[in-house]
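Asks: Attaching a single structure in structure tokens format; questions to follow.
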Amino acid sequence: MKEKFFSTKNITVAAVMTAISFVLYMFVKFPLPFLFPAFLDVQFSEMPALITGFMMGPVWGGVVIVLKCLLKMPFSGTACVGELGDLIMGIAFVVPASLIYKKFRTKKGALIGLIVGTLSELAIALLVNGLVLIPFYAKAFGWDMIVGMLQKLFPDVSRASFYRYYLPLSVLPFNLLRLSVCSLITFFVYKHLHKLIDRMFARQMGRKNVTADGVAEIAATESATDENGTQENTEGHIPSAQ
């Protein structure tokens, strides 16, 4: 039996994953100033959305990304431009990976999906930073400040050479690092988490059987004919009139 898109399970899981993603986005982040510019905080808020996409499909994974960014916008210090960039990059990571895994539900399919999703976000991250984020920050805070923050790592950087240093030597490795961590954790925990969630909902709904993949199955109702010829439902429901 095909599960409804807006089922109680899907809505609940998406809400929980959005909450986890938001907490990771807001509070669980840290800089690596010896490797990257101090304004780049390492955070793994796309991971809950990626797991959601693998469990429930790319649309739900995208929904978690959108909701996470919308929840963050009231606290934005960048006029929501940073959150918009994160939304675009998150969608570029989660949706392609989830689409591929939806079609090829194997370990190989998951691995290919994660690689494609990572490459997709890396490409979008370069475009978003080069065309949107850096021009906005330079206009808002001034080129001197932006260049100055990069000179701690690259003393020879200037406004003219900023993009040649920042995009390939900061944006690319920074995003590759955090996306690799998200992908690695998702690859190893997704199945176990999926099974756990399905068992929880199976128990809640009185389901009896759970397959090895963690997909709950409802046991087929067996009918027995009583001595008067009426059908008796073995699950205890009132039989229909004959």
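Numbered by the working numbering, the letters in the sequence shown go through residues 3 to 244 in order.
For every residue, glycine included, the Cβ atom is placed at its ideal position computed from N, Cα and C.
1) For GLY59, which residues of its own chain have a beta-carbon under 7 Å away from its beta-carbon, when the five flanking residues on both sides are left out?
2) Going by DSSP in three states, PRO157 sits in which element: helix, strand or coil?
3) Between which two residues does the alpha helix (DSSP H) harbouring LYS104 extend?
4) Enumerate in chain order the residues of its own chain whose CB-to-CB distance from ASP215 is below 7 Å, with the five nearest sequence positions on each side excluded.
5) Skipping 5 residues on each side, what residues in its chain have a beta carbon closer than 6 Å to that of LEU135?
6) Starting from the Cα of VAL83, find the closest Cα among PRO98, VAL96, ASN131 and SER47 and give me that residue.
7) State yes or no: is the C-beta of VAL44 within less than 8 Å of the C-beta of ARG180?
8) Since PRO50 and ILE22 are thought to touch, with beta carbons under 8 Å apart, how far apart are those beta carbons, to the nearest angstrom?
9) How is LYS31 classed by DSSP in three states: helix, strand or coil?
10) Check for me: the alpha helix (DSSP H) holding VAL249 runs from which residue to which?
11) CA-CA distance, VAL66 and MET19?
12) Where does PHE190 land, buried or exposed, given buried means 16+ other C-beta within 10 angstroms?
13) I'd like to check one pair, VAL173 with TYR167: are the Cβ atoms closer than 8 Å?
14) Taking the beta carbon of ASP146 as the centre, do at least 16 other beta carbons fall within 10 Å, making it buried, or is it exposed?
15) Alpha carbon to alpha carbon, how far is LEU169 from PRO175?
16) Could you check whether VAL96 and GLY64 sit closer than 8 Å to each other, using their CB atoms as the reference points?
17) Assuming PHE36 and VAL183 make a contact with CB atoms under 8 Å, what is their CB distance in whole Å?
Replies: Per the coordinate set shown:
1) SER100 and LYS104
2) coil
3) 83–105
4) In this prediction, ASP215 scores a pLDDT of 48, lower than 50, which makes its location untrustworthy; the coordinate-derived value is nonetheless stated afterwards. Around ASP215: no qualifying Cβ.
5) GLY87
6) ASN131
7) yes
8) 5 Å
9) strand
10) The chain is shown only over 3 to 244; residue 249 falls outside these bounds and no answer can be derived.
11) 7 Å
12) exposed
13) no
14) exposed
15) 9 Å
16) yes
17) Actually they are not in contact, since the Cβ atoms of PHE36 and VAL183 sit about 18 Å apart, beyond 8 Å.
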